[in-house]
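Just below is one structure, and these are the notes that go with it.
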Ligand code: SF4
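Numbering (the working numbering), first residue to last: 137 to 360.
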């Protein structure tokens, strides 16, 4: 396996190719959970449109979601792809959980130690270990490694981690590559997450990676 100390230089090369990454719109823990649940299997552009509509109608608050009519919620969910009625049910469940069980304050969960905070966040639909880590990192409350499926694929192909039978085992192996860098803090870990994600989305694609256009092809054991 490639040594994790090689990662910072490779990230610099990715930044030269893809530029400095702009943050996605969510800011709070509830924002992130709504971001994950307002759309399904759509581009970032469509997800942003659905999220913006939800923001406009509800101010992204649990109270606002519970006060909105089902018709309005359905219209928003329809912006986010297939199975919109399922997403309406999820949005209402999220809002009810925050309101009834957390007194409307999901951010209090972020103050818990990492393992407990992760467990609390995973109670919400669509949030597993990767989603919980992303929330903890991108709210700048816990400097923990986080990767989405694109970033994970890039690290595996570059030889930093081995693909296992289960996604969770591969995820643990890939985030372990970032672990030696946690002292660099949240901004560095967020940058790594975003650059690896962008590279996986645009170049190191799932089915047909564009190795000819990849700045890391010379050092990549999977280059074709
Ligand atoms: S060379 Fe190909 S497989 Fe390797 S990181 Fe680049 S796009 Fe992915």
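Glycine is no exception: its CB is placed at the ideal position from the N, C-alpha and C atoms. Predicted model, so just to flag it, every value in this text is computed and none were measured.
Coil, strand or helix - residue i by DSSP
i           : result
residue 342 : coil
residue 299 : coil
residue 265 : helix
residue 274 : helix
residue 139 : coil
residue 218 : coil
residue 176 : coil
residue 347 : helix
Pairwise C-alpha distance: residue j and residue i
i           : j           : result
residue 186 : residue 276 : 25 Å
residue 262 : residue 171 : 10 Å
residue 348 : residue 142 : 21 Å
residue 158 : residue 225 : 31 Å
residue 189 : residue 212 : 6 Å
residue 270 : residue 360 : 31 Å
residue 244 : residue 252 : 12 Å
Residue i CB to nearest heavy atom of the ligand SF4 below 8 Å
i           : result
residue 335 : yes
residue 308 : no
residue 340 : yes
residue 313 : no
residue 353 : yes
residue 283 : no
residue 205 : no
Extent of the continuous alpha helix (DSSP H) run through residue i
i           : result
residue 191 : 180 to 194
residue 290 : 285 to 293
residue 206 : 206 to 214
residue 240 : Per DSSP, residue 240 belongs to no alpha helix (DSSP H) and is neither H nor E.
residue 160 : No alpha helix (DSSP H) holds residue 160; DSSP gives it neither H nor E.
residue 259 : Element bounds for residue 259: n/a, residue is neither H nor E.
### Query
Any contact of the region 277 to 287 with the region 310 to 328, i.e. 3+ C-beta pairs under 8 Å?
As far as the Cβ criterion goes, the region 277 to 287 touches the region 310 to 328, which means the pair count is three or higher.
### Query
Do three or more CB pairs link the region 140 to 157 to the region 331 to 348 at distances below 8 Å?
Counting Cβ pairs under 8 Å, three or more are found: they touch.
### Query
Should the region 245 to 261 be regarded as contacting the region 297 to 310, the criterion being three or more beta carbon pairs within less than 8 Å?
With the cut-off at 8 Å, the region 245 to 261 and the region 297 to 310 do not touch.
### Query
Does the region 174 to 185 come close enough to the region 197 to 205 to have 3 or more Cβ pairs within less than 8 Å?
No, they do not touch.
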